Amino acid sequence: MKQSSLMKVAGVGALALSLAACSGGGTPAPAPSQSESAAPQGGGELVIWMDQNRADALTDVVATFEEETGTTVEVVVQDFDSIDENLTTQAPSGEGPDVIVGAHDWIGKLAQNGVIAPVELGDTAGDFQEIAVNAMTFEGSTYGVPVSIENIALVRNTDLAPEAPATWDELVSSGQAAVDAGSAEFPLLVGIDPNNADPYHLYPLQASFGGPVFGINEDGSYDADDLQLGNEGNVAFAQALGQWSAEGIINPNISQDIAKEQFASGASPYTITGPWNLSAFQEAGVNYAVSEIPSAGGEPATPFVGVQGFMVSAYANNPIVASQFLTEYIAGEEAQTAIYETGQRAPALTSAFEAAQSNEDVAAFGEVGAAGVPMPNIPEMGLLWEDWGVAEGQIIAQQGGDPATVWTTMADKIQSSLDG
Amino acid sequence: MTTTVSKDSTATRKRSISTAPPSMKVLAVKILFLAIVDAVAVFAMSMLFFRGDWLVLGIVAVTTLLVNIVYLSPGLLPGKYLTPGLIFLAVFQVFVVVYSLYIAFTNYGDGHNSTKEDAISAIVLQNTQRVEGSPTYRVQLVEGPGGLGLLATSPEGEVLVGTQQEPLQPLDPGAVTLDGDRAVAAEGWTSLQQQDVLQRQQEVAALQVPLSDDLADGFLRTMDARNAFVFQSVFVYDEAAGTMTDTTTDTVYADLGNGQFETEGGEVLGTGWQIVVGPENFLYPFENPRFGGALLGVAAWTFAFAILSVGLSFFLGLFLALTLNDPRMRSRKVYRVLSILPYAFPSFLSALVWLGLLNTEFGFVNEVLFGSANIPWLTDPWLAKFSVLLVNVWLGFPYMFLVCMGALQSIPEELTEAATVDGANGWQVFRGIKFPLLLVSTAPLLISSFAFNFNNFNTTYMLTRGGPRMEGVTENVGHTDLLITLVYKTAFEGGNRDYGLAAALSILIFIVVAAVSAISFRQTRALEDLH
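These protein sequence lines map, in sequence, to chains A and B. For the first sequence, the numbering used here begins at 12 and goes up steadily by one. For the second sequence, the numbering used here begins at 3 and goes up steadily by one.
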């Protein structure tokens, strides 16, 4: 009995060790900080997180980079909206990426969490559209290389509205006329969420009343201490919003998807949307034209401009390779044009931007966006979007009483959470 | 992998398990599996050894030893069956709960993302700014007696070299080899090849070569090993005093024990670090009465939702099972298939489809069934609650239907016949015989269904995201929020992600669900006596 159990133990032990030895080919490399032979043959390594669209657009650029520098690039495809969160949680563990693609309004939050590092564009900063570089700057440091610029504008169905409306009243009346004539169902389509509205899509109208979010410093950046959301212009906008929803111009039940679908089927002469929906309209055979949103309150209706770019992780294992990739390849014309061609968003590099102006739609959106301001990228914005959206949602749903009161309560609440 | 049991009588069975010799085939298979497990463990332990992860190494070693003992010893039969399940339970449940408990006592979240060292280096790095108007230097990394250095060529063609300790010194042009506008080699210094640079990236990125002896002039730093710029650190960390100083405004920030750099006046630097804050997160609902009140409301709704979901879907499923069990019902098979269909679709998908169906203006329900009425299914607080319940019952009743069908068929016919002979009518038969026997087998399922619906994130979140928002509360709490959706919103949505608070709330949910389940299971033991 004892002998057989001893044999069993011996048998297991011997087999285990021999199996472990077989896998010895994968002997672990010591931690990178004490690396001696951790680097593979040839160049270094690079780990990039991108969404599927941009990964497809950049396959050639990445291949060229790999060839010219001998680096092994690992592209990890992630859902665009979760890249910032994933980076924040995974980077400190040392297993995060070196380079990510992201939206410029994430920068404040990511910097606050210490997960992105500044990238010095050097003399090439002048080669980009100024608004793009401004958007990627936070507290004086630039945090990445911009690749695309996007903004919303007024898209009209030229069959139902041959002329661009010069004023807001003209838009409303021509929209109403189309509905009354039976050729359209809605005077205007703006996709919003029934609970949280959509401050981003409604911002141009808000700006036309002279209602910015924060005060702007001399260098063009936002002053987080100067909340302008409660100022007179904004309160006037709140009143107007209440009125529009009572008249049926702004409809809380129309979501983004419904708005796109209805416009594509010709149910309305006007919609406020961005370049991302144009392919759907083209497929549906709608004859559209892009123009600026007419002012409702007297000031120009400037939309928010969104910039996407590539950033470097503060915990990157390969910071030098990452910087090289960004400043030499992503900032180059090939990469900028490739991303523009698949995403239909204007490129940030001025030379590519000008080449893209040959595309009518890009030129039209660009013209509208030229007067726009980037979305604030400060960390406090997250708190803001939600309360702002809910207040707008309440006004649109005709709840909470006087729109001005609802709006001022919201502004006060945001002010107190920014302070304390 | 059990040993073969000899065909002795039960009295001697115990003894014979240990004395019966196992067949060679069984023994060989057992040794092979154990060896594979051991090999994996040895490999893992060697990796952990190199990384210096002593705690995990110890845990893996002890676990492997226990596994070997359990499977190699004769006897310990329950252990042999339970070990794999126990290991998975420990890894996927026990560890998760313990780690959440740990996080609940910290302030992990936005602004407190990592350790103090990381926060300090992040603050310094982010506030290292290029000096206005400074030129771009073309550089080559070199190694010298003083360590890693930069061989810099200014735009005017002047060649300088320096290291972290020695400021830039000009070099004699004769001692330098130029490649275009960049010096690539100098006497007394070894130029680093691309290979070497790649292996020392962290070092290269951290290299700061002072421009001169006066630190106020700034330092040279390269990010791509080709160009360097002159930077200045706006924020300086004084290690001895433990303070971070803003050199432009001369404000001194100190660590006052709150996991961030702050001044006495209350100015805070955004980048902080994780610290243990004790029971602060658990006390948050009590210290914040409006949130506490909302939390109680949400908890009440969660209980109501879970109980009503289970109850309604159970009775609906039972009703269908009874009616479709009756041989007098025609085309039973068709009805059975239709009843199971909702179960076949993923709940995620169904919830999104219902979201479209219940749209106030464009939804099928309002357009077709109610003739273009504008009933706010998802935006009115009470109607939203009703809608969520409706969708959840729709998703859940097929499961109950299947379970009840099976349980009903397992009730012996003789009992029903005997009762009918004794003069009982249908309802009395059901109430006195079928239902109690049914409960015996379905009670555990009802309890687990309750626990599942208590945490039924999918349906609620997909349909209403927590529903029309409650007014008067700072946090984003809605009328159809379950405790779990509230936790999700606290952790992942909203301006400031607060994982510590979310973990504390999840622990509270865990305690509630565990307590309710434990009590219910104990009650169901009384039902067992019926059998």
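A virtual CB, placed ideally from N, CA and C, is assigned to each residue, including glycine. Quick caveat, the model's predicted, so the values are computed rather than measured.
For A/A114, no alpha helix (DSSP H) segment is defined; the enclosing uninterrupted segment is the beta strand (DSSP E) at V110 to A114. For A/P390, a Cβ of chain B is located within less than 9 Å of the residue's own Cβ. Within chain B, Q131 have C-beta atoms less than 7 Å from the C-beta of A/G151, given in sequence order. For A/Y326, the nearest beta carbon of chain B is closer than 9 Å to its own beta carbon.
Collapsing the DSSP output to three states places A/P358 in a strand.
Around the CB of B/R524, fewer than 16 other CB atoms lie within 10 Å, so the residue is classed as exposed. Under the 9 Å criterion on CB atoms, B/E189 is classed as non-interfacial with respect to chain A. For a Cβ distance threshold of 9 Å, nothing in chain B lies close to A/A257: the least Cβ distance comes to about 15 Å.
Around the C-beta of A/R65, 16 or more other C-beta atoms lie within 10 Å, and the residue is accordingly described as buried. Chain-ordered, the chain B residues with CB closer than 7 Å to the CB of A/A27 read A37, D40, A41 and V44.
Minimum Cα-Cα distance from A/E77 among the listed residues A/V58, A/I94, A/V88 and A/Q239 corresponds to A/V58. When only Cα atoms are considered, A/A325 and B/H114 end up about 15 Å apart.
Excluding its 5 nearest sequence neighbours in each direction, A/Q217 has C-beta neighbours in its own chain below 7 Å: N245 and F248, listed in chain order.
Contact with chain B is found for A/E131, since one of that chain's Cβ atoms lies less than 9 Å from the residue's Cβ. Going by DSSP, B/Q131 is part of no alpha helix (DSSP H) but of the beta strand (DSSP E) stretching over T130 to R132. B/T224 has B/A230 as its beta-bridge partners, per DSSP. When DSSP states are grouped into helix, strand and coil, B/A46 belongs to the helix group. Shown in chain order are the members of the stretch 264-286 of chain B whose Cβ falls below 7 Å from a Cβ of chain A: G272 and T273.
Contact annotation: in the stretch 110-122 of chain B, residues whose CB is within less than 8 Å of a CB in chain A are D112, G113, N115, S116, T117, D120 and A121. For B/N70, the three-state secondary structure derived from DSSP is helix.
Distance check between A/L28 and each of B/A46, B/V28 and B/S25 places B/A46 closest, using alpha-carbon atoms only. Bounds of the alpha helix (DSSP H) holding B/S102 are F97 to A106. Residue B/A445 holds the alpha-carbon nearest to the alpha-carbon of B/I521 among B/A445, B/Q201 and B/V431. Relative to A/A291, the option among A/D268, A/P280 and A/D230 whose CA is nearest is A/D268.
Closer than 7 Å at the C-beta level to chain A, one finds no residue of the stretch 240-254 of chain B.
For the pair B/A208 and B/Q234, the CB atoms are not nearer than the 9 Å cut-off.
Annotated as distal: B/A493 and B/A106, with beta-carbon spacing of 9 Å or more. Proximity to B/T138 across B/G87, B/T155, B/V144 and B/G146 peaks at B/T155, based on C-alpha coordinates. Not a single C-beta of chain B is nearer than 9 Å to the C-beta of A/W418. For A/E161, the enclosing beta strand (DSSP E) starts and ends at V156 to N162. Leaving aside the five residues that flank A/A122 on each side, the residues in its chain whose CB is nearer than 7 Å to its CB run, in chain order, F149 and Y154.
Counting along the chain, the unbroken alpha helix (DSSP H) around A/S428 starts and ends at P414 to D430. Selection A/E294, A/G285, A/V332 and A/N242 evaluated against A/A275 yields A/E294 as nearest (Cα-Cα). Put simply, the stretch 262-277 of chain B does not touch the stretch 348-366 of chain B. Fewer than three CB pairs are less than 8 Å apart. Per DSSP, the unbroken beta strand (DSSP E) holding B/R184 starts and ends at R184 to A188. Here the alpha carbons of B/S519 and B/I89 stand approximately 22 Å from one another.
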